[in-house]
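Notes to accompany the following structure.
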């Protein structure tokens, strides 16, 4: 990361706090993305792959504290969450979207630690669309933590992207593909129906032809 950002030395905790305390959260987000846009090449034409992944961030700076229990967190005002590898922790959940081909950071979200990945998935797509990064035909890669039938449908119907979300073992593929039929809005008289159907068919074809495919 230091080499990528061309930073010669690592700032101290006090220096970082001194900088961050001057910004509101939305100002800091804008600053980060402006920096990334300057350092990273612009998106090329055509569809791209986007990786979405979330990780827990522990904000408890007391490294020598005893293991946190659920009982000790009751009636506390600060946010906390639970993960299989960390147990209970005080902190937040960071979601990062990267361009698959270049690993360029594209967007990020910070949520409360107890927000589930299926709920975060449409939020990161909205953020990518708001930043005019997400385009029709793009492929979004996500692990099975993001899995839900609704997220496959939202990807195709609302964002027109190919959701390569790894399914769980109990996935009902018949139910899933019934949800991926043509949305009624593509038959709107104000739309080019033939073009919309063509785009829709191309997305489903990509979904069925990718590694880790969900088609049977």
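Numbering (the numbering used here), first residue to last: 9 to 224. Cβ atoms here follow ideal geometry from the backbone N, Cα and C, with glycine treated the same way.
Where residue 172 is concerned, the enclosing beta strand (DSSP E) starts and stops at 170-173. Around the beta carbon of residue 111, fewer than 16 other beta carbons sit within 10 angstroms, so the residue counts as exposed. Residue 113 carries a strand assignment under DSSP once its states are collapsed to helix, strand and coil. For residue 18, no alpha helix (DSSP H) run applies, since DSSP gives it neither H nor E. If the five residues before and after residue 132 are omitted, its C-beta is found closer than 7 Å to the C-beta atoms of 60, 103, 105, 115 and 117, all from its own chain and listed in chain order.
Contact annotation, residue 126 with residue 156: C-beta distance approximately 4 Å; criterion of less than 8 Å satisfied. According to DSSP, residue 104 shares a beta bridge with 61 and 116. Straight across, the Cα-Cα distance linking residue 54 with residue 177 is about 33 Å. Annotated as distal: residue 56 and residue 120, with beta-carbon spacing of 8 Å or more. A distance below 6 Å between beta-carbons, with the five flanking residues on each side excluded, links residue 130 to the following residues of its chain, in chain order: 162.
With a beta-carbon spacing of about 6 Å, residue 64 and residue 101 fall inside the 8 Å limit used to define contacts.
By the criterion of a C-beta distance shorter than 6 Å, residue 170 is surrounded in its chain by 147, 211, 214 and 215, once the five residues flanking it on both sides are discounted.
Annotation: residue 167 to residue 16 spans about 40 Å, alpha carbon to alpha carbon. Under the 10 Å beta carbon count, residue 180 is surrounded by fewer than 16 other beta carbons and is classified as exposed. Taking a C-beta distance under 8 Å as the contact criterion, residue 149 and residue 58 qualify as a contact pair. Assignment of residue 148 by DSSP, reduced to helix, strand and coil, places it in the strand class. Following the DSSP letters along the chain, one finds residue 159 inside the alpha helix (DSSP H) bounded by residues 157-165. In the three-state DSSP reduction, residue 179 falls in the coil class, being neither helix nor strand.
With fewer than 16 other CB atoms across the displayed protein chains lying within 10 angstroms of its CB, residue 40 is exposed.
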